[in-house]
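Novice: After the structure tokens below, expect a handful of questions from me.
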Amino acid sequence: MDSSWCILVQKKDGENLRQWLLSRSLLNRDIKIESKDEFLIFPLGRELNDGEKKNLIESFEIIRFEHRNMELKLSKKPKGLFGALESSIPENLHMYIPKSFDIIGQLAIIEIPEELESFEALIGSTLLNLHPSLKSIFKKLEPIKGDFRLRNLQLLAGINNSETVHKENKCKYEMDIKKVYFSPRLVTEHARVCSLVKKNEIILDMFAGIGPFSILIAKQKQAQVFAVDINPAAIYYLERNSFLNKVENFVTPLEGNVRDVIKNYIEQKFDRIIMNLPLKSCEFLDVASQVLKKDGIIHYYQFASESDFPTKVLDDLKNEIVGNGRKVEEILEIRKVRPYAPYIWQIGIDILVN
64 MDSSWCILVQ
74 KKDGENLRQW
84 LLSRSLLNRD
94 IKIESKDEFL
104 IFPLGRELND
114 GEKKNLIESF
124 EIIRFEHRNM
134 ELKLSKKPKG
144 LFGALESSIP
154 ENLHMYIPKS
164 FDIIGQLAII
174 EIPEELESFE
184 ALIGSTLLNL
194 HPSLKSIFKK
204 LEPIKGDFRL
214 RNLQLLAGIN
224 NSETVHKENK
234 CKYEMDIKKV
244 YFSPRLVTEH
254 ARVCSLVKKN
264 EIILDMFAGI
274 GPFSILIAKQ
284 KQAQVFAVDI
294 NPAAIYYLER
304 NSFLNKVENF
314 VTPLEGNVRD
324 VIKNYIEQKF
334 DRIIMNLPLK
344 SCEFLDVASQ
354 VLKKDGIIHY
364 YQFASESDFP
374 TKVLDDLKNE
384 IVGNGRKVEE
394 ILEIRKVRPY
404 APYIWQIGID
414 ILVN
């Protein structure tokens, strides 16, 4: 027996939570996951901070966090990717071993530093062995770029198939990770925004991708969502995912630049607008201001440096909205959503606009 911090969760959420913990190296792999009645008990490598607990509670049906005695595994597996690789990679390179990676369905995407490129095949096969549910490991070759926000990926190990089905927040999402943008690191943000939506709202998702905001909101809140994306492949999967999750009557997929779509196809005003295009959201605030109802809410995302957060970020945003003839009634919330680069964060701001 050994003592460990752990999480009690409903069994139906077990696999999603396991993948979430694994991708953040939070699961204690030396201790057995236990089953008790309708619950699973996941052992943690450390106590979670308040922010991590809040994110988990918003994303999963967490029963409780507790410290308890749990049974050790008879044969210990390596502690994550580092533990599995440390004996095969020279000690002077240990600092470059990746600490995190993205799991999307049965695929994983990992960034490999230049210093470890000669070991990339080993890293790929090791990751595949550590996670039996995965079928393919892809290396991210360069930053996400272009209007379609696509990744340039190279197969490291497994099957050369970039299409998968990802489960998140009790929804299923088909996608091809080479053709569309999706980030599993936004799982808690998708759930958080959905929790704020009221039934019968009319919502505009300006940069919808395959639909992680739109479909979740439609499924849980039965709100009408107009989901726009410039990438034809994203709209293809968005339509498929609408049927897959049985929300095709609530989600309206629209292909094109959102500025043109609003001008040519939509006369509707919206209760709530989601603007998740952090590099370019500011360029579309005029469009959002035009179609947002009085006392409507904008969920706005951008990248910002530590030095700009929060004062300059808020000042620039307020000035832009005022310049488009609207008034910022209240900043409902501003938060750091996730790290993007050293000293750079993806920022989320909820704005009540009059």
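The sequence shown runs 64 to 417 under the numbering used here.
Even glycine gets a Cβ: it sits at the ideal position worked out from N, Cα and C.
For L249, which option in I94, R214, P176 and N339 has the closest C-alpha, if you only look at C-alpha atoms?
Specialist: For the purposes of this step, residue 249 is taken as residue 186 along the sequence shown, with counting starting at 1. When only C-alpha atoms are compared, the closest one is N339.
Novice: Among all the DSSP beta bridges, which residues are the ones paired with H130?
Specialist: Counted from its first residue, the sequence shown places residue 130 at position 67. Paired residues: W68.
Novice: Would you identify the three-state DSSP class for Q82, choosing helix, strand or coil?
Specialist: Locating residue 82 in the sequence shown gives position 19, counting from the first residue. DSSP places Q82 in helix when its eight states are reduced to three.
Novice: My output table needs one value for Q283: the three-state DSSP class, helix, strand or coil.
Specialist: Taking the sequence shown and counting its residues from 1, the one referred to as residue 283 is at position 220. Q283: helix per DSSP, three-state reduction.
Novice: From which residue to which residue does the alpha helix (DSSP H) around D210 run?
Specialist: Start at 1 with the first residue of the sequence shown, and residue 210 comes out as number 147. Unbroken run through D210: none, as it is neither H nor E.
Novice: Using DSSP bridges, identify the partner residues of I336.
Specialist: Counting from one through the sequence shown, the residue named residue 336 turns up at place 273. Answer by DSSP bridge pairing, in chain order: L267 and I361.
Novice: Considering only the alpha carbon of each residue, which of I293, R322 and F333 lies closest to P316?
Specialist: Position 253 of the sequence shown holds residue 316. The residue with the shortest Cα to Cα distance from P316 is I293.
Novice: Please state the DSSP three-state secondary structure of Y236.
Specialist: Counting from 1 along the sequence shown, the entry for residue 236 is found at position 173. Y236 carries a strand assignment under DSSP once its states are collapsed to helix, strand and coil.
Novice: Do G278 and S305 have their C-beta atoms within less than 8 Å of each other?
Specialist: Here residue 278 is taken as the residue at index 215 of the sequence shown, counted from 1. Here residue 305 is taken as the residue at index 242 of the sequence shown, counted from 1. One point to set straight first is that residue 278 is Ile, not Gly, in the sequence displayed. Yes.
Novice: Tell me the rounded alpha-carbon separation between Y159 and Y328.
Specialist: As a working mapping, residue 159 is identified with position 96 in the sequence shown. As a working mapping, residue 328 is identified with position 265 in the sequence shown. Roughly 50 Å between the two C-alpha positions.
Novice: Cβ atoms of K284 and V260: under 8 Å apart, would you say?
Specialist: Here the question's residue 260 lines up with position 197 in the sequence shown. Here the question's residue 284 lines up with position 221 in the sequence shown. Closer than 8 Å, so yes.
Novice: Examine the Cβ distances between the region 159 to 172 and the region 195 to 203 and report whether three or more of them are shorter than 8 Å.
Specialist: yes
Novice: Thinking C-beta only, is L111 closer than 8 Å to G77?
Specialist: Taking the sequence shown and counting its residues from 1, one reaches residue 77 at position 14. Taking the sequence shown and counting its residues from 1, one reaches residue 111 at position 48. No, these two residues do not count as a Cβ contact at 8 Å.
Novice: Are the beta-carbon atoms belonging to V288 and I266 less than 8 Å from one another?
Specialist: To locate residue 288, count along the sequence shown from 1; it is residue 225. To locate residue 266, count along the sequence shown from 1; it is residue 203. In this structure, I266 lies closer than 8 Å to V288 by Cβ.
Novice: What is the residue span of the beta strand (DSSP E) that D379 lies within?
Specialist: Position 316 of the sequence shown, counting from 1, holds the residue named residue 379. Careful: D379 lies outside any beta strand (DSSP E), inside the alpha helix (DSSP H) at T374 to G386.
Novice: Leaving aside the five residues before and after S188 along the sequence, list all residues of the same chain whose C-beta is less than 7 Å from its C-beta, in chain order.
Specialist: The count along the sequence shown starts at 1 and reaches residue 188 at position 125. These residues qualify, in order along the chain: A220.
Novice: My assumption, with CB atoms under 8 Å, is that V400 sits in contact with Y364. Please give the rounded CB distance.
Specialist: For this step, residue 400 is matched to residue 337 along the sequence shown. For this step, residue 364 is matched to residue 301 along the sequence shown. Going by Cβ atoms, the distance from V400 to Y364 rounds to 7 Å, so yes, they are a contact pair.
Novice: Going by C-alpha distance, which of S150, I207 and K208 is nearest F182?
Specialist: Residue mapping note: residue 182 aligns to position 119 of the sequence shown, counting from 1. Of S150, I207 and K208, the residue nearest in Cα terms is S150.
Novice: So what does DSSP say about P295, is it helix, strand or coil?
Specialist: Counting from one through the sequence shown, the residue named residue 295 turns up at place 232. Looking at P295 - three-state DSSP - the assignment turns out to be helix.
Novice: Label K409 either buried or exposed according to how many other C-beta atoms from any shown protein chain fall within 10 Å of its C-beta, with 16 as the threshold for buried.
Specialist: Residue numbering aside, residue 409 sits at position 346 when the sequence shown is read from its first letter. Before going on, a small fix: residue 409 reads as Gln here, not Lys. That one is buried.
Novice: I need the straight-line Cα distance from I125 to D113, nearest angstrom please.
Specialist: Indexing the sequence shown from 1 puts residue 125 at position 62. Indexing the sequence shown from 1 puts residue 113 at position 50. Whole-angstrom Cα-Cα distance: 14 Å.
Novice: Looking only at C-alpha atoms, which of R214, V391 and E369 sits nearest to H362?
Specialist: For the purposes of this step, residue 362 is taken as residue 299 along the sequence shown, with counting starting at 1. Comparing Cα positions, the closest option is V391.
Novice: For L259, which of helix, strand or coil comes out of DSSP?
Specialist: Translated into positions along the sequence shown, residue 259 becomes position 196. Helix, per DSSP.
Novice: Where do the ends of the beta strand (DSSP E) carrying V350 lie?
Specialist: Residue 350 sits at position 287 when you count from the first residue of the sequence shown. Note, V350: premise wrong, no beta strand (DSSP E); alpha helix (DSSP H) at L348 to V354.
Novice: Quick check on DSSP: helix, strand or coil for E318?
Specialist: Within the sequence shown, numbered from 1, the residue matching residue 318 stands at position 255. Three-state DSSP puts E318 in a strand.
Novice: What is the residue span of the beta strand (DSSP E) that K241 lies within?
Specialist: On the sequence shown, residue 241 is found 178 positions in, with the first residue counted as 1. Unbroken run through K241: none, as it is neither H nor E.
Novice: How many Å lie between I152 and I94 at the Cα?
Specialist: The residue given as residue 152 occupies position 89 in the sequence shown. The residue given as residue 94 occupies position 31 in the sequence shown. Each residue's alpha carbon lies about 26 Å from the other.
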